[in-house]
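Per numbering that gives the first Met the number 0, the sequence shown starts with residue 0, numbered consecutively.
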Amino acid sequence: MALPLLQIALDNQSIEEAIITAKKAEKYIDIIEVGTILLAAEGKKAISAIKNIFPDKTIVADGKIADAGNIFGKMFFDAGADFTTVICAAETPTIKDLVILSKKYSQISGKNKEIQVEMTNNFTWEQVQDWQKVAVPQIVWHRPRDSQETGKKWGTKDIEIVKKLANCGFKITITGGVEVEDIKLFKDIPIYIFIAGRAIRDAKDPEAKAKEFKDEFKKYWS
0 MALPLLQIAL DNQSIEEAII TAKKAEKYID IIEVGTILLA AEGKKAISAI
50 KNIFPDKTIV ADGKIADAGN IFGKMFFDAG ADFTTVICAA ETPTIKDLVI
100 LSKKYSQISG KNKEIQVEMT NNFTWEQVQD WQKVAVPQIV WHRPRDSQET
150 GKKWGTKDIE IVKKLANCGF KITITGGVEV EDIKLFKDIP IYIFIAGRAI
200 RDAKDPEAKA KEFKDEFKKY WS
């Protein structure tokens, strides 16, 4: 299985703070996420600003789109996003529109543009089948921030769901308070991306912490 990629989530409240955070760990970061909080605070200009500073990194706009997919998708892709997220509660036509839009932007730009359906525990497998039918390429399995704060840990249920999603053919991203010691839980699954936000941002040495993640990947994937 290929090595997973490492994504940093920038949920800062200003572009300036976000850039400082990303620069501290950029050596070991593959993907930079313009987080939902940053998008809410600064708008789509945050995407352009991050892309301009880090032109060689894949940029994710974590917009958690629920409706008006074409409008939000165009805004985010035009601003420089490579991937954008859509929340699993979105209607299938919205998700289909975004898949089609991402393919158009891939053709126009000559670069890979994709959408990610961001999932929580509130989903059905019928929805997953619908996403397969409209050719959704990526799934994000997200342990919500509020659940983390109640002390909820990654569990057997998470692992089994992620395995099943991977077997459906999706590229899988894992997010939600991911720590280095959590990586081994997913060792038998072809994970595409691990997202680390606070684990890197709040570390005394963000670059060293990012390297820890990458070194941990090498233990279980090659």
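Using N, Cα and C, we set each Cβ at its ideal position, and we do this for glycine too.
Segment contact: the region 204-219 against the region 31-40, fewer than three CB-CB distances shorter than 8 angstroms; contact not assigned. Of the candidates K102, G109, K22, E159, K22 places its Cα closest to the Cα of A8. Contact annotation: Q6 and T172 have beta-carbon atoms nearer than 9 angstroms. For the pair F122 and I114, the Cα-to-Cα distance works out to about 18 angstroms.
Between the alpha carbons of K162 and G168 lies a gap of roughly 10 angstroms.
Membership of L2 in any beta strand (DSSP E) is not indicated, and neither H nor E is assigned to it by DSSP.
For K95, same chain residues with a beta-carbon under 7 angstroms away, outside a window of 5 residues either side, are V133 in chain order. For V135, there is no enclosing beta strand (DSSP E), as DSSP marks it with neither H nor E. Shown here, K63 sits in a strand according to DSSP, grouped into three states.
With respect to F71, G62 sits close: the two C-beta atoms are nearer than 9 angstroms. The beta carbons of I58 and A80 sit about 5 angstroms from each other, so the pair counts as a contact at 8 angstroms. Out of D55, Q12, T20, A89, the CA that lies nearest to the CA of A40 is found in Q12.
With respect to the C-alpha of F76, the residue from W220, K183, S105 having the closest C-alpha is S105. Residues F216, W220 of the same chain have their beta carbon placed closer than 6 angstroms to that of L2, with the five preceding and five following residues left out of the count.
With 16 or more neighbouring CB atoms inside 10 Å of its own CB, T174 falls in the buried class. Here I28 really is in contact with K56; their C-beta atoms are around 7 angstroms apart, less than 8 angstroms. Rounded to the nearest angstrom, the gap between the Cα atoms of I14 and A45 is 6 angstroms. The DSSP-derived three-state label of I46 is helix.
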